[in-house]
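Participant: Chains A and B, in that order, are what the protein sequence lines are. Going by my numbering, the first residue of the first sequence is number -18, and it counts up by one from there. Going by my numbering, the first residue of the second sequence is number -18, and it counts up by one from there.
2 protein chains.
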Amino acid sequence: MIPTKEDLERASKRIAPFIHQTPVLTSQSLNRISGARLFFKCENFQKMGAFKMRGASHAVQRLSAKEKERGVATHSSGNFAQALSLAAKSAGIKAYIVMPSNAPKVKKEAVLGYGAEVIDCEPNLQAREAVLEKVVQKTGAAFIHPSNDMRVILGQGTAALELIREVPNLDFIVAPVGSGGLLAGTALAAHYFSPDTKVFAGEPMGADDAWQSLRAGKIIPVSNPKTIADGLRTSLGDQNFPIIKKWVRDIIRVEEQEILDALRLIWERLKIIVEPSSAVALAAVLKERDVFGESRVGIILSGGNVDLGALSTYFSG
Amino acid sequence: MIPTKEDLERASKRIAPFIHQTPVLTSQSLNRISGARLFFKCENFQKMGAFKMRGASHAVQRLSAKEKERGVATHSSGNFAQALSLAAKSAGIKAYIVMPSNAPKVKKEAVLGYGAEVIDCEPNLQAREAVLEKVVQKTGAAFIHPSNDMRVILGQGTAALELIREVPNLDFIVAPVGSGGLLAGTALAAHYFSPDTKVFAGEPMGADDAWQSLRAGKIIPVSNPKTIADGLRTSLGDQNFPIIKKWVRDIIRVEEQEILDALRLIWERLKIIVEPSSAVALAAVLKERDVFGESRVGIILSGGNVDLGALSTYFSG
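1) Do three or more CB pairs link the stretch 185 to 195 of chain B to the stretch 167 to 176 of chain B at distances below 8 Å?
2) How close, in whole Å, do the beta carbons of A:Ala(-8) and A:His56 come, if the pair is a contact with beta carbons under 8 Å?
3) Which residues, in chain order, does the stretch 233 to 265 of chain B contribute to contact with chain A at a C-beta distance below 7 Å?
4) In three-state DSSP terms, what is A:Ala123?
5) Where A:Phe124 and A:Ala62 are concerned, what is the direct C-alpha to C-alpha distance, given to the nearest angstrom?
6) Which same chain residues, not among the five before or five after B:Lys(-14), have their C-beta less than 7 Å away from its C-beta?
7) Considering just the uninterrupted stretch of the beta strand (DSSP E) at A:Glu98, what are its terminal residues?
8) Near B:Ser160, which residues of its chain fall below 6 Å by C-beta distance, leaving aside the five closest residues on each side in sequence?
9) What does the Cβ neighbour count give for B:Leu106, buried or exposed, with the cut at 16 atoms within 10 Å?
10) Report the three-state DSSP secondary structure of A:Ala64 (helix, strand or coil).
11) What separation, rounded to the nearest whole angstrom, lies between the Cα atoms of A:Arg(-5) and A:Gln42?
12) Could you tell me whether the stretch 67 to 75 of chain B touches the stretch 197 to 211 of chain B, where touching means 3 or more Cβ pairs closer than 8 Å?
13) A:Thr139: which of A:Leu(-11), A:Ser45 and A:His126 sits nearest, CA to CA?
14) Give me, in chain order, the residues of the same chain whose beta-carbon lies closer than 6 Å to that of A:Lys49; leave out the 5 immediate sequence neighbours on both sides.
15) Closest to A:Asn150 by CA distance: which of A:Ala141, A:Arg132 and A:Ser175 is it?
16) Does the structure place the stretch 236 to 245 of chain A close enough to the stretch 202 to 212 of chain A that three or more beta carbon pairs sit under 8 Å?
17) Would you say A:Phe(-1) lies against chain B (beta-carbon separation less than 8 Å)?
18) So is A:Arg250 buried or exposed if we call it buried at 16+ other beta carbons inside 10 Å?
19) Below 8 Å between beta carbons: does that hold for B:Asn286 and B:Gly30?
20) Just the Cα atoms here: how many angstroms apart are B:His126 and B:Ala37?
21) Mind checking B:Asn83: buried by the 16 CB within 10 Å criterion, or exposed?
22) Which term fits A:Ile0, buried or exposed, when burial requires 16 or more other beta carbons within 10 angstroms of its beta carbon?
23) Who are the neighbours of B:His25 on chain A, taking C-beta pairs under 8 Å?
24) What separation, rounded to the nearest whole angstrom, lies between the Cα atoms of A:Met34 and B:Arg245?
25) Is there a C-beta anywhere in chain A that falls below 8 Å from the one on B:Phe153?
26) Hey, B:Val266 and B:Ser15 are a contact pair by Cβ (cut 8 Å); roughly how many whole angstroms apart?
27) I need the straight-line Cα distance from B:Asp231 to B:Phe181, nearest angstrom please.
28) Taking all protein chains shown into account, do 16 or more other C-beta atoms lie within 10 angstroms of the C-beta of B:Pro157, making it buried, or fewer, making it exposed?
29) Give me, in chain order, the residues of the same chain whose beta-carbon lies closer than 8 Å to that of B:Gly136; leave out the 5 immediate sequence neighbours on both sides.
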């Protein structure tokens, strides 16, 4: 069942004490370059560095007292592992995180630093799900999916809700799409709080399963994704896809070089650090000038957790 | 003559339409790491990307009507060239910028983009000064020194003034020191508007002329500076040194690795882009825990104009 306007409003109030209301940045030079008026919602400044903190916080806050006693569990190699660990810590409950054995050491340490229990598994989806299953059976912890959970989707939608409240009369909001939680939440927020605002997504050409799914009218899982935007290599889910199908106007696919160019523009002009996945929305706006030209465009910058040691890959020369 | 409190107040009002009031950022993790409470004044978000915009704007605004007709001139290979060009453009007057022939092409293009006239010269200080002299004789333009000019010093001081107004009861303010304009302005602001706040500076060990000058009681010019903090390779001047001598508590020298570590912390934890010179103040705070521990410390982040292509130098591995 699709959540209501009131559900989203309540989600926003519920998580307010546990998240940052992130700033909205603008740049005269990026306006000049794009021809549009751009408003960047900076989730790279969110707690633990990404919008995932919103969904994780909301899911944890919605647990019953009984569920809270037993804690939460998820499998993730990335931002959601840290987000759920920190959200659980803030609520004083346990978190069990199943992480692939090849996950970056720094991410594992961050999760441990938030007091979560890390359970290693083989680096493939089947192993992750099997190990998670065992953890849930043993501990009774509540499984929180990183994106295909209505509590998570509502949490992610609060970023667009804040943006809409701060910047009225947006013609467009553009978000990146990976596993669909952020995009579905963004679509919900626009539908209920700014119905004239059209929601688009940017997606890497090398992982264009959401673009394909929208055209097929059913979920096409991603296969062999190839993109620098490591947060967007995942597939949609049955909870978020119906919302995306209903309220997302279209998905714009961008090439790797377009992602890198947009990433560089954000770093150089906004002077902020975002991860490659965050640059996909701006890349889409720069690509489709016919669509966005001279409009007021909100752009969700999804996060800023990037390995500075790998920077030379992005910006050599 | 040392400017008065009213001079600084007027400077702040005069330049307000031409600059950004930059945000002050905080970070729980950087507080934890430093043991202090840190407040970062983000001049990397300033127009053209650095605090220099303040001093340049103020100098231009203080010109007489007659001077404005003839325009302004300076020699600079860096941020001040861009700052003066943009400030002149905003005031609708001409700017002549003497730039060494080896200045980065991107910087030259930025200056030309602001409508200034660029005059090439040999890449050494004598040539710069000689060419500038000729330009001034020919055009009658007013020479604005990048740091050793009381109008510029007052402009730079408005960053600390804004910080003091936004964050009361600072125990310390720490700024980087290069040619002394920012540090002198910061010292003035603290002296007049928050006299209990102690002003310190951070300086690279490989360009420690200000540290030496403070100890000798007279200006010791920098010789053969070696530091990644390219904005801090210059010497103090006779306008700013008396202010620094009077009101700066001390200068803390930091090693290159300490600068790089602080730079990385700012990028990773604050998720913002700053140039190496900006990291020197944080490096000083992290080095002298006995001085700053558990205090409220304002840190001036001087700018964010960095060559992303050269990033691999900073963050390899």
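Where a beta carbon is used, it is the ideal one built from N, C-alpha and C, also for glycine. Here the structure is a predicted model, which means the values were calculated and not measured.
Facilitator: The answer reads as follows:
1) no
2) By one-based count along the first sequence, residue -8 of chain A stands at place 11. By one-based count along the first sequence, residue 56 of chain A stands at place 75. The Cβ separation is near 24 Å, so there is no contact.
3) Arg245, Trp248, Glu249, Lys252, Ile253 and Ile254
4) Here residue 123 of chain A refers to the residue found at position 142 of the first sequence. Shown here, A:Ala123 sits in a strand according to DSSP, grouped into three states.
5) Translated into the one-based positions of the first sequence, residue 124 of chain A becomes position 143. Translated into the one-based positions of the first sequence, residue 62 of chain A becomes position 81. Roughly 12 Å between the two C-alpha positions.
6) If you number the second sequence from 1, residue -14 of chain B lands on position 5. Here B:Lys(-14) has Tyr173 as same chain residues with Cβ atoms under 7 Å from its own Cβ, once five neighbours each way along the sequence are excluded.
7) For the purposes of this step, residue 98 of chain A is taken as the residue at position 117 of the first sequence. Segment Glu98 to Cys102, the beta strand (DSSP E) holding A:Glu98.
8) Mapped onto the second sequence, residue 160 of chain B falls at position 179. Hits under 6 Å: Ser128 and Thr215.
9) Taking the second sequence and counting its residues from 1, the one referred to as residue 106 of chain B is at position 125. So B:Leu106 ends up on the exposed side.
10) Position 83 of the first sequence, counted from the start, is the residue given in the question as residue 64 of chain A. Correct three-state label for A:Ala64: helix.
11) Mapped onto the first sequence, residue -5 of chain A falls at position 14. Mapped onto the first sequence, residue 42 of chain A falls at position 61. Between A:Arg(-5) and A:Gln42, the C-alpha separation is close to 7 Å.
12) No: fewer than three Cβ pairs fall under 8 Å.
13) As a first step, residue 139 of chain A is located in the first sequence; it is residue number 158 there, counting from the start. Considering only alpha carbons, the answer is A:Leu(-11).
14) Position 68 of the first sequence, counting from 1, holds the residue named residue 49 of chain A. Residues of the same chain with a CB within less than 6 Å of the CB of A:Lys49, apart from the 5 flanking positions on each side, are Ile74 in chain order.
15) By one-based count along the first sequence, residue 150 of chain A stands at place 169. Distances from the CA of A:Asn150 to each of A:Ala141, A:Arg132 and A:Ser175 were compared; the closest alpha carbon is that of A:Ser175.
16) The stretch 202 to 212 of chain A, when compared against the stretch 236 to 245 of chain A, does touch it at the 8 Å Cβ threshold.
17) Locating residue -1 of chain A in the first sequence gives position 18, counting from the first residue. Taking Cβ atoms only, chain B never reaches closer than 8 Å to A:Phe(-1), which makes this a no.
18) Looking up residue 250 of chain A in the first sequence gives position 269. Counting the other Cβ atoms within 10 Å of the Cβ of A:Arg250 gives 16 or more, which makes it buried.
19) As a working mapping, residue 286 of chain B is identified with position 305 in the second sequence. As a working mapping, residue 30 of chain B is identified with position 49 in the second sequence. Taking 8 Å as the cut-off, the Cβ atoms of B:Asn286 and B:Gly30 count as close.
20) Taking the first residue of the second sequence as 1, we reach residue 126 of chain B at position 145. Taking the first residue of the second sequence as 1, we reach residue 37 of chain B at position 56. Spanning the two alpha carbons is a distance of roughly 9 Å.
21) Walking along the second sequence from the start, residue 83 of chain B turns up at place 102. B:Asn83 comes out exposed.
22) Taking the first sequence and counting its residues from 1, the one referred to as residue 0 of chain A is at position 19. A:Ile0 should be labelled buried.
23) Indexing the second sequence from 1 puts residue 25 of chain B at position 44. The identity of residue 25 of chain B in the sequence shown is Asn, whereas the question assumes His. Lys252, listed in chain order.
24) Taking the first sequence and counting its residues from 1, the one referred to as residue 34 of chain A is at position 53. Taking the second sequence and counting its residues from 1, the one referred to as residue 245 of chain B is at position 264. In a straight line, the C-alpha of A:Met34 is about 23 Å away from that of B:Arg245.
25) Sequence index remark: in the second sequence, residue 153 of chain B carries index 172 (1-based). With 8 Å as the cut-off, B:Phe153 does not count as an interface residue toward chain A.
26) In the second sequence, residue 266 of chain B corresponds to position 285, counting from 1. In the second sequence, residue 15 of chain B corresponds to position 34, counting from 1. Between B:Ser15 and B:Val266 the Cβ distance is about 6 Å, and since that is below 8 Å, they are a contact.
27) Counted from its first residue, the second sequence places residue 231 of chain B at position 250. Counted from its first residue, the second sequence places residue 181 of chain B at position 200. C-alpha separation (whole angstroms): 5 Å.
28) Here residue 157 of chain B is taken as the residue at index 176 of the second sequence, counted from 1. The residue in question, B:Pro157, is buried, as its Cβ has 16 or more Cβ neighbours within 10 Å.
29) Numbered from 1 along the second sequence, position 155 holds the residue referred to as residue 136 of chain B. So the qualifying residues of the chain are Ala(-8), Ile(-4), Arg35, Gly36, Ala37, Ser38, His39, Ala40 and Gly166.
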